[in-house]
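Trainee: In terms of my numbering, the sequence shown opens at residue 22 and continues consecutively. Don't be surprised by glycine CBs; every beta carbon is placed ideally from N, CA and C.
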Amino acid sequence: MKDILLESIYAAIEAGKIITNIYHTDFDVATKSDNTPVTLADKLSGKKIIDLLKHHQLPIIGEEESYFPDPSVGTIPDTYFIVDPLDGTREFIKRNGEFTVNIALIENGDPVIGVVHAPAISLLYFALKHFGAYKVSEHNVNKLYLNQNYSLNEILEMSEKLPIYNLPKTYTLVISRSHLDEKTMNYINQKRKEHSLIECIHMGSSIKMCLLAEGKAHEYPRFGRTMEWDTAAAHAVLKESGGNILDVRYVQPLKYNKKNFENPDFIAYAVY
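(1) Out of curiosity, what's the CA-to-CA distance linking TRP250 and LYS204?
(2) Terminal residues of the continuous alpha helix (DSSP H) containing ARG246?
(3) In terms of residues, what are the limits of the beta strand (DSSP E) holding VAL136?
(4) Can you tell me whether LYS235 is buried or exposed, with buried defined as 16 or more other CB within 10 angstroms of its CB?
(5) Between the alpha carbons of ASP105 and ASN161, how many angstroms are there, rounded?
(6) Given 8 Å as the limit, is there contact between the region 162 to 180 and the region 282 to 289, that is, 3 or more CB pairs closer than that?
(7) When you compare the CB positions of TYR10 and LYS182, do they come within less than 8 Å of one another, or not?
(8) From the DSSP output, in three-state form, read off HIS222 for me.
(9) Whole angstroms are fine: how far does the CA of ILE222 sit from the CA of LEU188?
(10) Quick check: the Cα distance between LYS115 and THR41, rounded to an integer number of angstroms?
(11) Determine whether the beta carbon atoms of HIS216 and ALA291 lie at a separation below 8 Å.
(12) Excluding sequence positions up to five away, which residues of its chain have a Cβ less than 6 Å from the Cβ of ALA6?
(13) Which first and last residues belong to the alpha helix (DSSP H) in which VAL122 is found?
(14) Count the other C-beta atoms from every protein chain shown that fall within 10 angstroms of the C-beta of LEU145, then say buried if there are 16 or more, exposed otherwise.
(15) For the region 28 to 44 against the region 87 to 95, are there 3 or more C-beta pairs whose distance is under 8 Å?
(16) Can you list, in chain order, the stretches of the alpha helix (DSSP H) that have 4 or more residues and sit fully within the region 73 to 119?
(17) Decide if LYS260 is buried, meaning its Cβ has at least 16 other Cβ atoms within 10 Å, or exposed.
(18) By the three-class DSSP mapping on this structure, what secondary structure does GLY153 have?
(19) Can you tell me where the alpha helix (DSSP H) holding ILE142 begins and where it ends?
(20) Residues in its own chain within less than 8 Å of ARG213 by CB, not counting five upstream and five downstream?
(21) Quick check: the Cα distance between LEU149 and VAL50, rounded to an integer number of angstroms?
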């Protein structure tokens with residue numbers, strides 16, 4: 022499993038290189054059938070990840086493109102990759118840096134490997150079940166861009182184990198920058214009644230859950246449509262740091278390999 026984690030880290034770095042090159046150009050934006058934006062960066066990043074991971078002969082479910090080693094098999098097996106090659110396309114378009122590459126391995130409904138890379142701000146988070154969650158910061162991420170011969174142990178030496186911080190004294194929520202709806206506002210107002218003081222951090226992409234994993238915030242509520250590729254990688258990081266994502270319908274940990282890969286409303290907690 023550690024070999025897959027290492028390959029996933031380098032796949033995210035390679036995808037990050039592609040995204041960064043396009044980020045600094047005058048790129049075009051198209052609109053998909055579900056009325057969400059897509060760019061060349063989404064597509065090329067997804068192709069690169071598939072090229073680097075398909076030799077494992079596992080399905081790779083992606084937001085933009087998927088790979089099936091045996092297309093004749095009509096069901097998704099218990100073990101598969103799920104990838105968002107550019108999570109936070111709206112933030113990419115706004116050029117605010119809050120976008121990520123997400124790569125996860127799902128096993129029996131649970132994310133057991135997760136890699137989240139934010140190329141514009143040179144951050145990398147990764148986790149492996151029963152192995153821990155880690156953060157690599159700017160200087161060392163740049164090393165990985167220049168040299169992809171580091172072993173996993175060498176990358177661990179560059180990393181900080183999560184969580185890094187004690188949770189803030191002020192109850193802190195992370196809120197989606199681009200998806201602030203009425204249900205979320207009502208939830209925030211309810212939290213204001215429960216706590217004498219709260220703080221809201223507005224952030225794009227799966228960085229939100231990584232902030233929980235670091236210990237910088239208490240929870241992230243999300244009401245509305247999200248997909249498994251939006252959450253799986255950061256979910257793995259969060260779980261290994263001591264948190265979790267709860268399906269609000271059953272107050273149970275969020276599961277994967279669901280019909281249409283669509284998530285229910287959920288709340289992510291830094292401590293669970």
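Mentor: Result, derived from the coordinates:
(1) The residue you call residue 250 lines up with position 229 of the sequence shown. The residue you call residue 204 lines up with position 183 of the sequence shown. Distance between the alpha carbons of TRP250 and LYS204: 23 Å.
(2) Here residue 246 is taken as the residue at index 225 of the sequence shown, counted from 1. That residue, ARG246, is in no alpha helix (DSSP H); it is neither H nor E in DSSP.
(3) One-based indexing of the sequence shown puts residue 136 at position 115. For VAL136, the enclosing beta strand (DSSP E) starts and ends at 131 to 139.
(4) As a position in the sequence shown, residue 235 is number 214, starting the count at 1. According to the sequence provided, residue 235 is Glu. The question's Lys does not apply to it. With 16 or more Cβ atoms within 10 Å of its Cβ, GLU235 is classed as buried.
(5) Here the question's residue 105 lines up with position 84 in the sequence shown. Here the question's residue 161 lines up with position 140 in the sequence shown. Approximately 23 Å, taken between the alpha carbons.
(6) Touching, no.
(7) Here the chain covers residues 22 to 293 and nothing more, so residue 10 does not appear.
(8) Taking the first residue of the sequence shown as position 1, residue 222 is located at position 201. A small correction: the amino acid at residue 222 is Ile; His does not occupy that position in the sequence shown. In the three-state scheme derived from DSSP, where H, G and I count as helix and E and B as strand, ILE222 is classed as strand.
(9) The count along the sequence shown starts at 1 and reaches residue 188 at position 167. The count along the sequence shown starts at 1 and reaches residue 222 at position 201. For LEU188 and ILE222, the distance between alpha carbons rounds to 14 Å.
(10) Position 94 of the sequence shown, counted from the start, is the residue given in the question as residue 115. Position 20 of the sequence shown, counted from the start, is the residue given in the question as residue 41. Approximately 14 Å between the Cα atoms of the pair.
(11) Stepping through the sequence shown from its first residue, residue 216 is reached at position 195. Stepping through the sequence shown from its first residue, residue 291 is reached at position 270. Their beta carbons are not under 8 Å apart, which means HIS216 does not touch ALA291 by this criterion.
(12) No answer is possible for residue 6: it lies beyond the span of the chain, which begins at 22 and ends at 293.
(13) Within the sequence shown, numbered from 1, the residue matching residue 122 stands at position 101. Judged by DSSP secondary structure, VAL122 falls outside any alpha helix (DSSP H) and instead within the beta strand (DSSP E) spanning 121 to 128.
(14) Here the question's residue 145 lines up with position 124 in the sequence shown. It counts as buried.
(15) With the cut-off at 8 Å, the region 28 to 44 and the region 87 to 95 do not touch.
(16) Here the runs fully enclosed are 110 to 115.
(17) Reading the sequence shown from its first residue, position 239 is the one you call residue 260. Answer is buried; the Cβ neighbour count reaches 16.
(18) Stepping through the sequence shown from its first residue, residue 153 is reached at position 132. Shown here, GLY153 sits in a strand according to DSSP, grouped into three states.
(19) The sequence position of residue 142 within the sequence shown is 121, counting from 1. ILE142: not part of any alpha helix (DSSP H); DSSP gives it neither H nor E.
(20) Against the sequence shown, residue 213 aligns to sequence position 192. In the same chain as ARG213, and ignoring 5 residues on each side of it, the C-beta atoms closer than 8 Å to its own belong to ILE219, in chain order.
(21) Translated into the one-based positions of the sequence shown, residue 149 becomes position 128. Translated into the one-based positions of the sequence shown, residue 50 becomes position 29. Near 35 Å, if we compare the C-alpha coordinates of VAL50 and LEU149.
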